[in-house]
Structure formats: structure tokens, C-alpha cells
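Everything on this sheet refers to the single structure shown next.
2 protein chains.
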Amino acid sequence: MATQLKGACIIGQSGGPSSVINASCYGVIRTALDSGAITNVFGAAHGINGVLDDVLYDMGKEDPKELELLLHTPSSALGSCRYKLKDSSEDDTDYKRILEVFKKHDVRYFFYNGGNDSMDTCNKISKYMQKAGYECRIMGVPKTIDNDLYGTDHCPGFASAAKYIATTTMELYKDARVYDTGMICVLECMGRHAGWLTAATALAGEFGCGPDLIYLPERDFDMEAFLNDVERIYTANKKCIVAVSEGIHDKDGKFIVEYGQENAPVDAFGHKQLGGLAANLIGVIKGRLGNVKCRGIEFSLMQRCAAHIASETDVQESFLSGKTAVEQAVAGVTDKMVGYERSYDKDGNYVCNMKLFDLADVANTEKKVPAEMINKEGNGVTKAFIDYALPLIQGQPKMTFEQGLPRFAKLKKIVAE
Amino acid sequence: MATQLKGACIIGQSGGPSSVINASCYGVIRTALDSGAITNVFGAAHGINGVLDDVLYDMGKEDPKELELLLHTPSSALGSCRYKLKDSSEDDTDYKRILEVFKKHDVRYFFYNGGNDSMDTCNKISKYMQKAGYECRIMGVPKTIDNDLYGTDHCPGFASAAKYIATTTMELYKDARVYDTGMICVLECMGRHAGWLTAATALAGEFGCGPDLIYLPERDFDMEAFLNDVERIYTANKKCIVAVSEGIHDKDGKFIVEYGQENAPVDAFGHKQLGGLAANLIGVIKGRLGNVKCRGIEFSLMQRCAAHIASETDVQESFLSGKTAVEQAVAGVTDKMVGYERSYDKDGNYVCNMKLFDLADVANTEKKVPAEMINKEGNGVTKAFIDYALPLIQGQPKMTFEQGLPRFAKLKKIVAE
Chain A
1 MATQLKGACI IGQSGGPSSV INASCYGVIR TALDSGAITN VFGAAHGING
51 VLDDVLYDMG KEDPKELELL LHTPSSALGS CRYKLKDSSE DDTDYKRILE
101 VFKKHDVRYF FYNGGNDSMD TCNKISKYMQ KAGYECRIMG VPKTIDNDLY
151 GTDHCPGFAS AAKYIATTTM ELYKDARVYD TGMICVLECM GRHAGWLTAA
201 TALAGEFGCG PDLIYLPERD FDMEAFLNDV ERIYTANKKC IVAVSEGIHD
251 KDGKFIVEYG QENAPVDAFG HKQLGGLAAN LIGVIKGRLG NVKCRGIEFS
301 LMQRCAAHIA SETDVQESFL SGKTAVEQAV AGVTDKMVGY ERSYDKDGNY
351 VCNMKLFDLA DVANTEKKVP AEMINKEGNG VTKAFIDYAL PLIQGQPKMT
401 FEQGLPRFAK LKKIVAE
Chain B
1 MATQLKGACI IGQSGGPSSV INASCYGVIR TALDSGAITN VFGAAHGING
51 VLDDVLYDMG KEDPKELELL LHTPSSALGS CRYKLKDSSE DDTDYKRILE
101 VFKKHDVRYF FYNGGNDSMD TCNKISKYMQ KAGYECRIMG VPKTIDNDLY
151 GTDHCPGFAS AAKYIATTTM ELYKDARVYD TGMICVLECM GRHAGWLTAA
201 TALAGEFGCG PDLIYLPERD FDMEAFLNDV ERIYTANKKC IVAVSEGIHD
251 KDGKFIVEYG QENAPVDAFG HKQLGGLAAN LIGVIKGRLG NVKCRGIEFS
301 LMQRCAAHIA SETDVQESFL SGKTAVEQAV AGVTDKMVGY ERSYDKDGNY
351 VCNMKLFDLA DVANTEKKVP AEMINKEGNG VTKAFIDYAL PLIQGQPKMT
401 FEQGLPRFAK LKKIVAE
């Protein structure tokens, strides 16, 4: 048992937001406010930038009811950043400043809520503090809809995005079949290097409303094979729904979104309108099949912020990951990320256990969709993916509505002296 | 009191679907199945095409529980069409065929569920049946997310689309503000001639998460004024959210989406298939402001099929409009559309009453956003719009979920002999 370390804590949020990053943030804040060891709870404005600029919100001054609404408030309530710290061996200016701000506020706990880059930031700060002999416990609280963090069974945020994508795919499936004329839909999901979100469209297929074809960036995309697939399905059914990851690329590594930009339309100022991937593929499909009715649909930012259709399982697990980070840090743990380990109870029900991972292992490693979850043809997913993902999307969000619309947390954000 | 007319009924669905067109369809089916006057309840496959092709589903053979799930199943469960009947004076082939099928199945009630064009279809069929001396009661059951039907206070389907749009706008607002860097979002809503759906983004503003600028097709769009608006807001706040109707046009009537895409395809009714407006405007904004971070977001088909965030008020009213159509027809009424009239009770609470409108008045008339709901500058809406729309989006959908995803109705669709 470590000696109890008394002092303030900082929680910061970094990287692209999700529907539940505030749920894990709330897990940290609530647990820290209730902890005897932690003297003050500060929220960093826009992640590490808030530390560098000494803009720290005093979370103790917030209304507890508003804080609780963070569970179902999308995006990063404290503000996010994409600032990347240099190696301290190259340039330690930022680190000196962080140490100065930590000392000023007697910060002994630092929690950072984000994806790979955020774990890298945690790791670098921790190393520097150790070298400087400043006692501070540093924990990563994961987040990424991309589901690509190393070690953890899944990432907070993925399941809610997956649930939005699967639900919307089901609804679009119904819509796309309404006429007895032909219709091809191309659904574009986020995911530059990992196809987890695109694979989530297959969950809709469990209920008879899934896409016909799914292409992930884990496999090289072959345009000719793709067009053959679409033509075969369209000819047989007059309907075809295709799901694609934004990051699909050919065998030479060229992104498919870059294809056909030669023929992109031009706007009023003469700039080329670089359409999205879905629009691009539709152009190619029409080139093959003639003027068939097509729709390209981008799930765009909605897939990462649609808190109204979040997975309550994801919300609760995210809260628990934040809570665990504080409890473990107070107990003496440092340099870890709180991730998830899956098990099944004796009735075969999914159980999610909190598990600690070394920050150094997590930082800058990507987890892709494994081969056994992708079908042989590379145009769909296997049952292994469904078995993996389905337990994660259970439960409707216990969101508060006011006058028919979501009631999101309103924070006062009082800056600490 | 009219003499009771015994016979079968047909319910058909037409035009673009919505989240609640099946709720009004269920109102018709359930009430007709329970009516002593109606001997058989047939669902026409793909609207009037199902009548012409004599493909009629026997609704009496469906599982009542599955039928009830229609309340929260998006899109048109019976299938839709965009078939336009010719004037019978020009060519009465279709009308003769419809009469033949009606006679074959002893159809004495015809309910048609759709928008302006569908009311036109109802009206034409009714006129022909009268001329032919075939007794048949014909009622329109309205539907259109566009909210542009004449007479009725609002249209079934509008509120659910509005609720999706307002909720999503709130979530996107949160997302678009996550970084402390600049961000411009252009949200594109459906609406060729009427701006009701785009105006619905303003509901998010009631909760502090609305767009800065809103442009409806009711006003001529001036590109220079638009760019000045965006520049002013962006310069002041580093953030700017703009909502636009797909149908915005300049003072010469030229659609803004056509600035750069002259050759959009045309549907069976001669409507241009518009799309890509958001992307187009972003190109123009970058032309003015340089390479600022911009996102164009199309609510695309989601806005008309996102049943998971439908307005329960809309669901219940839609059901009631279908129910009323049957009750009124059985009581002797014909040639009417069941619309809504708004009143307020003594406590000022919104009340929706069913009201009958002449088909001939409704057919092919469009109701636009009135001048008092648009601000002087033409870049926002007034409180009059909020007061109008807010009562309509109340209530969360009482949807059934199964394994974390919506459980939609599964119909057997047994074709009548």
C-alpha cells in the first residue's frame, strides 16, 4: 500500500470527441471530488493547452446536478485539443511550464482522457515528472470511437458510435427499399486505418436490415471487384447497400477518395469540389451501371456525437473507467491506462472488467479489425465480429429531455486563481 | 347520417417516406379491421401501382402485434411509388383498371397516405368513380416531412423530422465547438420550396445550441450578403453554424446548388434531384475566408427515417389521422383529407384536433413558411416559428428495442386472391 498522496488533480480531454467522453470525465470528477486524498479538482480548458495556459476550471464550484448531466452530454465539455508535446530531450519548454503549473496548484494527480496521442502525452509528462523528482500520479482514461487502442478489449466511445451507425443503417435500409425502382446507397463511416465503425453496420444485418457489402481499410480495395459485387447484387435485387470506411485504399496505398478527383465539379470560385468517398464511389458506380438511382450518405460528425442514441453500456463503462483511474491513482498506481477486459459469466452473459495497461504500451499503437472478423472475399464481416460487438451496444441512454430536446450539462467553468 | 356502406378497403402509401407514415397507416388498418362496415382490409403494394397491378396484401392475416410495431417503424411498410395519374379526360386507361380492381375486391373505401401528389391522386380517382357511378368513399391521410400541405396546421411526419434535426443540431453544436480553433459548419436540410425543416434547426437555439444563420427558400438567397454574414460571425466567434434549405435560390430563381452542377437528374414528377449544396457553399466560403476549417453536413435520408428520435406527439397524431379517416368514411364522408387544427386549452397547453379539408383544395397547393416566422434580414427565424414548432416535437418515441436495436414491424404481406 502506497502512502497517501495529498494534492490537487487535473482532468483534461484531448482528441476528437465522442458521445461518452464526458461520461468518463464525470467518472474522474465525481470520484475525485469525493476522495479524501484529492484537495481540488481542476478541469483543464482544451486539454494540455489549459495546463500550459494555466486555465483550469474549479470543478468543486459546479452544481452537482449539472455535472451528472455530463453522463449524457456529447463532445468534450472541458474543450479538447490536438496539441502534440515534443520529446523533452529535444525541447523541454512545455514540460517546464507544466511542472510550474503543477507546483503552483499543488497538482499531484493528472488524468488525461483521449486516444493514442493522449496516452503518449500522459507517458511523456510522467517520464519528465519522474526525472524532475516531482511526485505525481498520471493515469490515462481512454476514448476513441475508432476502437483502435492497443490492449483494451474495446474503447469507450466505440459502442455508442456503433449503435448510432447500426440504428441508422436499419432506418436507411427501410427507407432505401420504399420504391419498387432500383436504389444503391453508399454509407461512409469514419475510420482511416481501422474498420471497426464500418463493420458496425453489420449489426443491422442481424435484424435483416444490414448492408449487402462492407469494405474495411484492413483489406486492399479493388475497384473492379467492388463494381462486380455491386453489379451482381443490384442485378439480382434492384437494391444494394454498401458500407465503406473513409480510409479504404488500393493495393498501392492510394486512398479511394482520391480517385476520380480529375472530374470533380467546380464551385462558383473555380475551386474543385472534392466530394467525399461516398460521392466518389457513386460516380464510379454510375460509370459502370448507367444512370441508376444512387445516394451517398456520410455519417459525418453525427456518428461521434449522437448521444441521444448512445449505448448505455458504453456510458456506464466509461464512467467506471474514469472512476477506476482515480481510485487506482489514490491507491498508489501511476503510468497506467484504465482499459477493459471482457469475460462471460456462467450464463454466458457479457461482463466488462476494468484492467490497467502500461501507458508506454498503449501510446501510438493501433489495433485493427483482426483477420477472423473479415470474410474471405473482403466484402463483409464474420460472426466473430457480431459476437464481439453486439453486447457493447445494449441499453438505451438514460438521457434527460427538456421540452422534447436533450438537456445537456451547463458548466459554469470558473477559472481557478 | 349516411346509409352504411359495406365493402372492402384499400390503404396505399405514396411519395417519400417519413418516420411516422406507418403510424397513420396503422391508424387506418387497425380501425378498419375493427370496423363492422369494412369487410376486408387490403394494403396496396407500392401505392397506386399495387392497385393497378392487383397486388393487394391481406392485412387481416397479419399478426396484430407486428401491426402495432408499425407505430415506430420508419419508411412506408407497404411500399411507396411516385406514379402520377394522367387526367382521365386525356387517358382513362388507369382509371378503368382501378375501377376493375375495386369491383373485383368490392372495394368501397380507399385511403391514400401521402403528400400533395397523393391528394391529387385521391381527388382524380374520386372524380372518376363518381362519374362512373361506382360508390366509393375516398379519403386522404396526409404525410410530408416538408410540412407544406395546404390547410392543415402541420403535417404528420414534419415534427419527427424537426425533432431529429433539432436534436442533431444540438449535438453537432457541441461537437463543432470542441477545439479552440476556428470551425464553420454548413447543415443542409431537405425542402425544395418550403423551409420548415431548415427552420427547425432554430429549436436547438432555444437551448443555446442553435445555428448562427438560417436561410430558407422563401427568401431569395444573396451570396454576397451570406458571405458577409458568415465572415462577421466567424471573425467575432471563430465558430459559425449555418443551416440551409436544399432549395435556396437567387433572385433569378436559380438554385444555389446549381452554381457548379447544371446537370442534376430529374425525377418522374419533374423535380430536380438536388444535392451537394453544403459542399458547394463551403467552397464559396473558402473562396472568401481562405482555408478555414469547414464541414458540410447533409441530413440526407436520415431526417425522414430516424424513427428512433421521432416525436411521440407526431406518432400519436398520425395514428389519430388514420383512425379518423376510417371513422369519417364509415360515417359517410368522402373526398376529404384528415388534417390538424391547433388550439390551446385554458392553461395554454397545445391541443391538436382532427379536421377535414377538401381534397380539391389540398391537391397541388403548397404552404410555405409565412413571412412573420422569418426575420427581417432573411437569415433566421422569429419567435413565432418557435411557438409554432416546439409543441409538435414533444415526447420520446415509445419504441421497442431488441438486443440494443430497434424492433421494426415484420409483415407477412400475403397477397389477396
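Just so you know, the sequences run in chain order A and B. Just so we're aligned, residue 1 is where the first sequence starts under the numbering used here, counting upward by one. Just so we're aligned, residue 1 is where the second sequence starts under the numbering used here, counting upward by one. All C-beta atoms, glycine included, are put in the ideal place defined by N, C-alpha and C. Computed from a predicted model, the values in this text were never measured in an experiment.
Assuming the contact rule is C-beta atoms closer than 8 Å, residue i and residue j should be a hit. Round their C-beta distance to whole Å, please.
{"i": "A:THR201", "j": "A:ALA243", "result": "4 Å"}
{"i": "B:ALA161", "j": "B:GLN303", "result": "5 Å"}
{"i": "B:SER420", "j": "B:PRO142", "result": "Any answer about residue 420 of chain B is impossible in this case: the structure gives chain B only from 1 up to 417."}
{"i": "B:ILE214", "j": "B:ALA199", "result": "7 Å"}
{"i": "A:CYS81", "j": "A:ASN49", "result": "5 Å"}
{"i": "B:TRP196", "j": "B:ASN147", "result": "4 Å"}
{"i": "B:CYS9", "j": "B:PHE111", "result": "6 Å"}
{"i": "B:ILE386", "j": "B:GLU206", "result": "6 Å"}
{"i": "A:GLU231", "j": "A:LEU289", "result": "6 Å"}
{"i": "B:LYS174", "j": "A:PHE408", "result": "7 Å"}
{"i": "A:HIS46", "j": "B:ASP180", "result": "5 Å"}
{"i": "A:VAL326", "j": "A:VAL28", "result": "6 Å"}
Is it the case that the CB of residue i approaches a heavy atom of the ligand SAM more closely than 7 Å?
{"i": "A:LEU390", "result": "Although the ligand SAM was asked about, the structure shown includes no ligands whatsoever."}
Can you tell me whether residue i is buried or exposed? The criterion is at least 16 other CB atoms within 10 Å of its CB, across all chains shown.
{"i": "A:MET129", "result": "buried"}
{"i": "B:ILE184", "result": "buried"}
{"i": "A:ASP229", "result": "buried"}
{"i": "B:TYR259", "result": "buried"}
{"i": "B:TYR344", "result": "exposed"}
{"i": "A:GLY12", "result": "buried"}
{"i": "A:LYS398", "result": "exposed"}
{"i": "B:LEU274", "result": "With a pLDDT of only 48 at B:LEU274, under the threshold of 50, the placement of this residue in the model should not be trusted, and no figure is reported."}
{"i": "B:ILE297", "result": "buried"}
{"i": "A:MET223", "result": "exposed"}
{"i": "A:PRO64", "result": "exposed"}
{"i": "B:GLY15", "result": "buried"}
{"i": "A:GLY21", "result": "Here residue 21 of chain A turns out to be Ile, not Gly, going by the sequence shown. With 16 or more other Cβ atoms within 10 Å, it is buried."}
{"i": "B:SER89", "result": "exposed"}
{"i": "B:GLY140", "result": "buried"}
Is residue i helix, strand or coil when you go by DSSP?
{"i": "B:CYS294", "result": "strand"}
{"i": "A:HIS308", "result": "helix"}
{"i": "B:GLU402", "result": "strand"}
{"i": "A:SER343", "result": "strand"}
{"i": "A:TYR350", "result": "strand"}
{"i": "B:ASN49", "result": "helix"}
{"i": "B:PRO142", "result": "strand"}
{"i": "B:GLY275", "result": "With a pLDDT of only 49 at B:GLY275, under the threshold of 50, the placement of this residue in the model should not be trusted, and no figure is reported."}
{"i": "B:ILE374", "result": "strand"}
{"i": "B:LEU356", "result": "strand"}
{"i": "B:PHE408", "result": "coil"}
{"i": "A:ALA44", "result": "strand"}
{"i": "A:LYS251", "result": "coil"}
{"i": "B:LYS368", "result": "coil"}
{"i": "B:LEU434", "result": "Since the first residue shown for chain B is 1 and the last is 417, residue 434 of chain B is missing from the structure and cannot be characterised."}
{"i": "B:VAL257", "result": "helix"}
{"i": "A:LEU320", "result": "helix"}
Give the interface partners of residue i over in chain B, defined as CB-CB distance under 8 Å, in chain order.
{"i": "A:LYS65", "result": "Correct list: empty, because the minimum Cβ distance to chain B is about 16 Å."}
{"i": "A:ASN49", "result": "ASP180"}
{"i": "A:MET302", "result": "THR168, GLU171, LEU172, ILE297 and MET302"}
{"i": "A:GLN394", "result": "GLN403 and GLY404"}
{"i": "A:ALA306", "result": "THR168 and GLU171"}
{"i": "A:LEU390", "result": "GLN403 and GLY404"}
{"i": "A:HIS249", "result": "Within chain B, no residue comes near A:HIS249; the closest Cβ sits about 22 Å away, beyond 8 Å."}
{"i": "A:SER311", "result": "GLY404"}
{"i": "A:SER425", "result": "Residue 425 of chain A cannot be examined here, being either before or after the span of chain A that is shown, 1 to 417."}
Residue i versus chain B: which residues are under 7 Å apart at the beta carbon?
{"i": "A:ILE285", "result": "Going along chain B, no residue has its Cβ under 7 Å from A:ILE285, so there is no contact; the nearest lies around 14 Å."}
{"i": "A:LYS163", "result": "GLY404"}
Kindly list, in the order they appear in chain A, the residues whose Cβ is closer than 8 Å to that of residue i.
{"i": "B:MET170", "result": "LEU405, PRO406 and PHE408"}
{"i": "B:SER14", "result": "The contacting residues do not exist; B:SER14 stays about 10 Å from chain A at best."}
Going along chain A, which residues have a C-beta under 7 Å from residue i?
{"i": "B:SER80", "result": "VAL178 and TYR179"}
inquiry  = Could you tell me which whole alpha helix (DSSP H) segments of length 4 or greater appear in the stretch 57-115 of chain B?
reply    = Restricted to the stretch 57-115 of chain B, the alpha helix (DSSP H) segments that are unbroken, complete and at least 4 residues in length are 64-69 and 93-104, listed in chain order.
Ordered list of alpha helix (DSSP H) runs contained in the stretch 172-248 of chain A, each at least 4 residues = If only uninterrupted alpha helix (DSSP H) runs of at least 4 residues are considered, those enclosed by the stretch 172-248 of chain A are 196-199, 202-205 and 223-237.
query = For the stretch 4-42 of chain B, which segments carrying the alpha helix (DSSP H) assignment without a break, of at least 4 residues, lie completely within its bounds, in sequence order?
reply = As far as the stretch 4-42 of chain B is concerned, its whole alpha helix (DSSP H) runs of at least 4 residues are 21-33.
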